[in-house]
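Asker:
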DNA sequence: CGGTATCCTGAAAGATACTG
DNA sequence: CAGTATCTTTCAGGATACCG
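Protein chains in written order, with my numbering: chain A, 7 to 149; chain B, 7 to 149.
1. On the DSSP bridge list, what partners appear for residue 108 (chain A)?
2. Hey, would you say residue 113 (chain B) sits closer than 8 Å to residue 123 (chain A), going by beta carbons?
3. With H, G and I counted as helix, E and B as strand and the rest as coil, what does DSSP make of residue 10 (chain A)?
4. Contact between the stretch 71 to 86 of chain A and the stretch 40 to 58 of chain A: three or more CB pairs below 8 Å?
5. To the nearest angstrom, report how far apart residue 108 (chain A) and residue 94 (chain A) are at their CA atoms.
6. Tell me the rounded alpha-carbon separation between residue 14 (chain A) and residue 46 (chain A).
7. Using beta-carbon positions only, say whether residue 50 (chain B) and residue 18 (chain B) come within less than 8 Å of one another.
8. Could you check what DSSP says for residue 142 (chain B) in three-state terms: helix, strand or coil?
9. Out of curiosity, what's the CA-to-CA distance linking residue 64 (chain B) and residue 71 (chain B)?
10. In whole angstroms, what is the alpha-carbon distance linking residue 67 (chain A) and residue 60 (chain A)?
11. Over what stretch of residues does the beta strand (DSSP E) that includes residue 31 (chain B) continue unbroken?
12. Measure the Cβ-Cβ separation of residue 135 (chain B) and residue 104 (chain A) and say whether it is below 8 Å.
13. Tell me which residue opens and which closes the beta strand (DSSP E) that residue 128 (chain A) is part of.
14. Suppose only complete runs of 4+ residues qualify. What are the alpha helix (DSSP H) ranges in the stretch 42 to 89 of chain A, listed by chain order?
15. Can residue 32 (chain A) and residue 16 (chain A) be called in contact, C-beta distance under 8 Å?
16. Roughly how many angstroms lie between the CA atoms of residue 34 (chain A) and residue 101 (chain B), to the nearest whole one?
17. On the DSSP bridge list, what partners appear for residue 18 (chain A)?
18. CA-CA distance, residue 7 (chain A) and residue 20 (chain B)?
19. Using a cut-off of 8 Å between C-beta atoms, extract the partners of residue 11 (chain B) located in chain A.
Right under this line is the structure:
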């Protein structure tokens with residue numbers, strides 16, 4: 007949550023996922039204060055999710071852009087899950103504000119939860135939680 | 007993001023998903039200040055994600071518990087996506103702190119992103135974003 | 001265009017004490 | 001056990017101004 011728990015973070019990442027890469031584009035599209043965007047991007051770079059890259063298109067002057075790292079791209083399923091929720095529960099009667107489709111085949115994007123054996127898992131299906139190898143406490147009752 | 011963007015919200019929801027339901031259990035397990043927990047739960051109830059329910063077990067006095075609504079359960083994929091990310095990128099060498107398995111078959115839980123035609127979508131696969139029916143602006147260049 | 005520096009404000013977190 | 005009330009602190013966000 008320290009990575010993605012701040013209000014603007016996931017919105018900035020959304021634009022990066024969608025190909026918006028330059029400072030002013032981000033600021034304009036998001037409507038975020040520019041100094042806040044500066045801080046947010048710096049934080050994302052610190053966390054290793056984004057890289058600031060200078061580049062130059064032929065005949066143009068140098069520009070900066072913000073590119074997702076692999077760790078940044080790996081956050082996309084979280085955003086897709088948030089979008090899916092919003093499309094179901096928060097979209098107006100007109101429907102979702104944004105559609106994403108698989109660039110290869112045009113199919114719409116779905117986030118699916120299932121178990122390793124291929125069974126689909128519905129939102130309120132019971133899951134069993136048990137301590138993993140990295141657990142810091144042994145069990146339900148620590149002390 | 008207004009629903010799940012606050013620092014404690016998703017952590018409270020996690021415990022609710024995992025069956026922790028009583029105020030003191032939540033407070034103890036999360037290490038959250040009790041007044042903060044009060045506010046957070048009230049917010050979740052306001053947002054329609056959680057219901058506060060009085061119940062009485064035979065021979066016991068009345069207690070309150072906090073139960074997820076359907077809209078609350080529908081947030082679980084978001085948390086599962088966050089967990090999956092953390093297990094890959096943030097877990098120590100020992101491994102993930104918590105394992106979830108399908109109560110039916112014991113298979114571990116996976117979050118999968120794919121397209122409607124069944125093709126798997128990897129983190130950095132290109133997606134096409136286009137305005138949906140509920141879009142508030144017509145296109146990349148509004149004005 | 002692509003930022004940084006300053007200052008201010010508001011909201012949420014935390015500590016602490018109290019109540020039925 | 002299950003909270004509420006008060007107070008303080010911290011910090012992200014916004015406005016604004018400035019710079020190469």
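Note that CB positions come from ideal geometry on N, CA and C, so glycine has one too.
Please read these numbers as outputs of a predicted model, since none were measured by experiment.
Answerer: Reading from the atomic positions:
1. Taking the first chain and counting its residues from 1, one reaches residue 108 (chain A) at position 102. Bridge partners of residue 108 (chain A) according to DSSP: B:133.
2. For the purposes of this step, residue 113 (chain B) is taken as residue 107 along the second chain, with counting starting at 1. For the purposes of this step, residue 123 (chain A) is taken as residue 117 along the first chain, with counting starting at 1. Against a cut-off of 8 Å, the Cβ pair of residue 123 (chain A) and residue 113 (chain B) comes out as a contact.
3. In the first chain, residue 10 (chain A) corresponds to position 4, counting from 1. Coil, per DSSP.
4. yes
5. Numbered from 1 along the first chain, position 102 holds the residue referred to as residue 108 (chain A). Numbered from 1 along the first chain, position 88 holds the residue referred to as residue 94 (chain A). Taking the straight line from one Cα to the other gives about 20 Å.
6. Numbered from its first residue, the first chain carries residue 14 (chain A) at position 8. Numbered from its first residue, the first chain carries residue 46 (chain A) at position 40. Rounded to the nearest angstrom, the two C-alpha atoms are 8 Å apart.
7. Within the second chain, numbered from 1, the residue matching residue 50 (chain B) stands at position 44. Within the second chain, numbered from 1, the residue matching residue 18 (chain B) stands at position 12. Cβ atoms of residue 50 (chain B) and residue 18 (chain B): closer than 8 Å.
8. By one-based count along the second chain, residue 142 (chain B) stands at place 136. Of the three classes helix, strand and coil, the one that applies to residue 142 (chain B) here is coil, per DSSP.
9. In the second chain, the residue the question calls residue 64 (chain B) occupies position 58. In the second chain, the residue the question calls residue 71 (chain B) occupies position 65. The alpha-carbon of residue 64 (chain B) is positioned some 16 Å away from that of residue 71 (chain B).
10. The residue given as residue 67 (chain A) occupies position 61 in the first chain. The residue given as residue 60 (chain A) occupies position 54 in the first chain. Distance between the alpha carbons of residue 67 (chain A) and residue 60 (chain A) is about 10 Å.
11. By 1-based counting over the second chain, the position of residue 31 (chain B) is 25. Where residue 31 (chain B) is concerned, there is no enclosing beta strand (DSSP E), although the alpha helix (DSSP H) it sits in stretches over 29 to 36.
12. Taking the first residue of the second chain as position 1, residue 135 (chain B) is located at position 129. Taking the first residue of the first chain as position 1, residue 104 (chain A) is located at position 98. A distance below 8 Å separates the beta carbons of residue 135 (chain B) and residue 104 (chain A).
13. For the purposes of this step, residue 128 (chain A) is identified with residue 122 of the first chain, where counting begins at 1. Membership of residue 128 (chain A) in any beta strand (DSSP E) is not indicated, and neither H nor E is assigned to it by DSSP.
14. 76 to 79
15. As a position in the first chain, residue 32 (chain A) is number 26, starting the count at 1. As a position in the first chain, residue 16 (chain A) is number 10, starting the count at 1. Not a contact, by the Cβ cut-off of 8 Å.
16. By 1-based counting over the first chain, the position of residue 34 (chain A) is 28. By 1-based counting over the second chain, the position of residue 101 (chain B) is 95. Using only the alpha carbons, I get a separation of about 41 Å.
17. Translated into the one-based positions of the first chain, residue 18 (chain A) becomes position 12. In DSSP, residue 18 (chain A) forms no bridge with anything.
18. If you number the first chain from 1, residue 7 (chain A) lands on position 1. If you number the second chain from 1, residue 20 (chain B) lands on position 14. The alpha-carbon atoms of residue 7 (chain A) and residue 20 (chain B) are separated by roughly 12 Å.
19. Along the second chain, one-based indexing puts residue 11 (chain B) at 5. Close to residue 11 (chain B), with beta-carbon spacing below 8 Å, are these residues of chain A in chain order: 11, 12, 13, 16.
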